[in-house]
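Numbering (numbering that gives the first Met the number 0), first residue to last: 0 to 555. All C-beta atoms, glycine included, are put in the ideal place defined by N, C-alpha and C. Small disclaimer: the values here were computed from a predicted structure and weren't measured. To keep things clear, I will list the structure first and then write my remarks on it.
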Amino acid sequence: MLQNRTSMEGPHVLLVVGGGIAAYKACELIRVIRKSGGEVTCVLTEGGSKFVTPMALAALSENPVYTSLFDLKDEVEMGHIQLSREADLIVVCPATANLLAKMAAGIADDLATTVLLATDKPVMAVPAMNVRMWEHEATQRNVETLRAAGVDVMDPDEGAMACGEYGPGRLPEPVAVWQRIAWALDIDPGEVDLLMPPPAVIEYHPGGVAPEAEGEGDVFGPEDGPAGEPEGSGPGGLSASLIARGIQKAKEAVGLSAPAAEAPIVDTPMPSGGLVLSKKGSARAAPPTDPEAINHLVRGEDDYAPQPFENDVPGQFPSVGAPQAEAPPMFVVDPDHQPLAGRHVLVTAGPTREPIDPVRYIANRSSGRQGYAIAAAAAALGAKVTLVSGPVNLDTPAGVERVDVETAMEMAEAVKEALPADVAVMVAAVADWRVDKVAGDKIKKRGSAPPALRLTENPDILATVAGMRERPKLLVGFAAETNDVIKHAKDKRKRKGADWIVANDVSGEVMGGEMNTVHIITALDVEDLPEMPKHEVAMALVERMAEALTGTPLNA
Numbered sequence: 000m001l002q003n004r005t006s007m008e009g010p011h012v013l014l015v016v017g018g019g020i021a022a023y024k025a026c027e028l029i030r031v032i033r034k035s036g037g038e039v040t041c042v043l044t045e046g047g048s049k050f051v052t053p054m055a056l057a058a059l060s061e062n063p064v065y066t067s068l069f070d071l072k073d074e075v076e077m078g079h080i081q082l083s084r085e086a087d088l089i090v091v092c093p094a095t096a097n098l099l100a101k102m103a104a105g106i107a108d109d110l111a112t113t114v115l116l117a118t119d120k121p122v123m124a125v126p127a128m129n130v131r132m133w134e135h136e137a138t139q140r141n142v143e144t145l146r147a148a149g150v151d152v153m154d155p156d157e158g159a160m161a162c163g164e165y166g167p168g169r170l171p172e173p174v175a176v177w178q179r180i181a182w183a184l185d186i187d188p189g190e191v192d193l194l195m196p197p198p199a200v201i202e203y204h205p206g207g208v209a210p211e212a213e214g215e216g217d218v219f220g221p222e223d224g225p226a227g228e229p230e231g232s233g234p235g236g237l238s239a240s241l242i243a244r245g246i247q248k249a250k251e252a253v254g255l256s257a258p259a260a261e262a263p264i265v266d267t268p269m270p271s272g273g274l275v276l277s278k279k280g281s282a283r284a285a286p287p288t289d290p291e292a293i294n295h296l297v298r299g300e301d302d303y304a305p306q307p308f309e310n311d312v313p314g315q316f317p318s319v320g321a322p323q324a325e326a327p328p329m330f331v332v333d334p335d336h337q338p339l340a341g342r343h344v345l346v347t348a349g350p351t352r353e354p355i356d357p358v359r360y361i362a363n364r365s366s367g368r369q370g371y372a373i374a375a376a377a378a379a380l381g382a383k384v385t386l387v388s389g390p391v392n393l394d395t396p397a398g399v400e401r402v403d404v405e406t407a408m409e410m411a412e413a414v415k416e417a418l419p420a421d422v423a424v425m426v427a428a429v430a431d432w433r434v435d436k437v438a439g440d441k442i443k444k445r446g447s448a449p450p451a452l453r454l455t456e457n458p459d460i461l462a463t464v465a466g467m468r469e470r471p472k473l474l475v476g477f478a479a480e481t482n483d484v485i486k487h488a489k490d491k492r493k494r495k496g497a498d499w500i501v502a503n504d505v506s507g508e509v510m511g512g513e514m515n516t517v518h519i520i521t522a523l524d525v526e527d528l529p530e531m532p533k534h535e536v537a538m539a540l541v542e543r544m545a546e547a548l549t550g551t552p553l554n555a
């Protein structure tokens, strides 16, 4: 007999588990939903039962699991109709290419597809499949058909897959899917919005796959817990799970979205660089170092020495949290020209530093100049400005409240505390990865074998803010690209759920330099700005933000 739904504060989710390797993540999704106060009832397809068992889903959800359309006991009450009507939202996760095709064609040949066809409730799909299957014309046609019918299909994550290929098609992390559910139902996702699921682990070995070293312990000590799921170097789990907010129709029709098949990957080389994906604990030591991968100390050529940025003084970066001097006004504007008066603008800027040990850290070349200039321009136009800054060698802009952070986790928390805001401009170059276990002491050399750095994914701050209830009215992200700038930026805007993406080509001297050339990507068009100093780029961007908020051109 179908159980009557008990009254509870959280949402009731009907979870359809499709037949793909990513089905194992449905178990974690159930845990996240229930931890956040929701209720879950599962429909398990025949294919899904090859990867997860009804008993596992029932134990986690504490509800019966439905598998068959022809269950006499349930169908006496027209069980598939009841299932389709009792939930607040139906989530198909993972949604395979086969399930998407059946949904688009209106095929109802099992319990899952019959429920989906009979429902009058919103539907959200989280696709997962091989990159070629996702990119196939038939699948894209099915996705467009479903979206036109009011189903919101998520764009997939990009990364390495169990099949050994690389590209879009990975399933988003369960926390990201829950954020999507919460947004769709207009409820508060709770404290999980900036928390990450069990860490995905990557082992980095300069030169290739590390051999097993007998009798040698892990550099960072014993490992606890189950193996994490390796991720690719592409956008992380939160990215694919948050929907584009520019279309009001998507807000009304809780929907589907496309992630891709996820599963632990064993020793799969990344397409670029030396990142190697492997099972947790599979590597104990790295192979001898490739001289080409080190630097001028190995090559003996000064041309390969790290070069300081212009005007940078070595060793003079201010410490995080230290009092900062206020810079003189960068902009001189008419006192009566205050289009952002009464508005709160949140800006992130600079790099993040992810510690490896007490001496070393992972960072990037961001100088923070563009973000600081945007903060200064917003303040000059009358806004209350909160600047969340990574470690940079810059004075605080006049009229700006500055919050200093060092790591991505600290920046994510500072952004959360700074909300609500009318505009959020995410300029910071946040590290995608951090070391899973920071060494308490300086890591010593071991002859020619460097340590294996175990990396785990940092929170995706832009995508997380896009899915929060306190989402700013205008959310702007930045995309630093080295090729296919416009294409990658358009993809990022959709994937992250941002209103605008400001894209620039950083293959030259942009990072650390004074000049910049940007492209403003919105849902409607692309605006190309000429090369100009970064402070002029900042004012041009902020003036357009003011116009977007007020709906009135500033020169009108």
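What is the rounded straight-line gap between the Cα of residue i and the Cα of residue j?
i, j, result
"E546", "V130", "40 Å"
"V484", "G105", "38 Å"
"E558", "V122", "Here the chain has residues from 0 to 555 only, and residue 558 is not among them."
"P450", "P357", "15 Å"
"A427", "T351", "8 Å"
"R492", "A183", "19 Å"
"E190", "V399", "Model confidence at E190 stands at a pLDDT of 48, short of 50, so the residue's coordinates are unreliable; what they give is reported in the following sentence. Using only the alpha carbons, I get a separation of about 28 Å."
"A411", "F330", "29 Å"
"V176", "A22", "13 Å"
"I355", "S366", "21 Å"
"A55", "I29", "11 Å"
"L381", "G341", "At residue 381 the sequence reads Gly, which differs from the Leu that was named. Those two C-alpha atoms are separated by around 7 Å."
"N363", "S60", "43 Å"
"E438", "A407", "It should be pointed out that residue 438 corresponds to Ala in this sequence rather than to Glu. Looking at the two C-alpha atoms, the distance is approximately 18 Å."
"V581", "A488", "The requested residue 581 does not occur in the structure, where the chain is confined to residues 0 to 555."
"I80", "M128", "29 Å"
"S256", "Y65", "Here S256 scores only 41 on pLDDT, less than 50, and its place in the model should not be relied on; the value that follows carries that caveat. Going from the Cα of S256 to the Cα of Y65 covers about 23 Å."
"M514", "M531", "6 Å"
"P471", "H343", "9 Å"
"L473", "R368", "22 Å"
"A539", "I361", "32 Å"
"K24", "E85", "24 Å"
Would you decide whether residue i is buried or exposed? Buried here means 16 or more other CB atoms lie within 10 Å of its CB.
i, result
"M102", "buried"
"P171", "buried"
"V541", "buried"
"E405", "buried"
"G550", "exposed"
"N482", "exposed"
"G163", "exposed"
"E416", "exposed"
"Q139", "exposed"
"P458", "buried"
"D125", "What sits at residue 125 in the sequence shown is Val, not Asp. Buried, since its Cβ has 16 or more Cβ neighbours within 10 Å."
"E136", "exposed"
Taking the beta strand (DSSP E) that residue i falls in, what are its first and last residues?
i, result
"V404", "Taken as a continuous stretch (DSSP letters only), V404 belongs to no beta strand (DSSP E), as it is neither H nor E."
"T385", "383-388"
"P167", "165-169"
"R543", "Segment 533-549 is the alpha helix (DSSP H) holding R543; no beta strand (DSSP E) there."
"D504", "499-504"
"E456", "452-456"
Does residue i come within less than 7 Å of chain B when only Cβ atoms are used?
i, result
"A96", "Looking for chain B here will not work: only one protein chain is present."
Report the option in the options whose CA atom is closest to the CA atom of residue i.
i, options, result
"G560", "L461, V525, E353, T138", "Nothing can be reported for residue 560: it is not among the residues displayed for the chain, which extend from 0 to 555."
"S35", "A57, Q81, V12", "V12"
"G158", "S48, Q369, P167, L59", "P167"
"A148", "L116, A479, R342", "L116"
"V346", "V517, E409, R401, D394", "R401"
"I186", "D490, E469, V505", "E469"
"C41", "P471, T455, S388, P63", "P63"
"A96", "L82, Q81, N141, V525", "N141"
"V384", "K49, V391, V414, I361", "V414"
"S388", "A382, I373, H518, I180", "I373"
"L98", "D87, L88, L110", "L110"
"L393", "V16, G370, Q139", "G370"
"A479", "T516, M467, L548, D156", "T516"
"S83", "T112, A100, A94, R169", "T112"
"D156", "Q178, W133, T138", "W133"
"E45", "L68, V31, D431", "L68"
"I89", "T52, P53, L473, V150", "V150"
Grab the span of the alpha helix (DSSP H) containing residue i for me, first residue to last.
i, result
"E61", "No alpha helix (DSSP H) holds E61; DSSP gives it neither H nor E."
"H487", "484-495"
"C26", "23-34"
"A348", "Note, A348: premise wrong, no alpha helix (DSSP H); beta strand (DSSP E) at 343-348."
"M102", "96-104"
Minimum length 4: unbroken alpha helix (DSSP H) runs contained in the region 120-174: 130-134, 136-147
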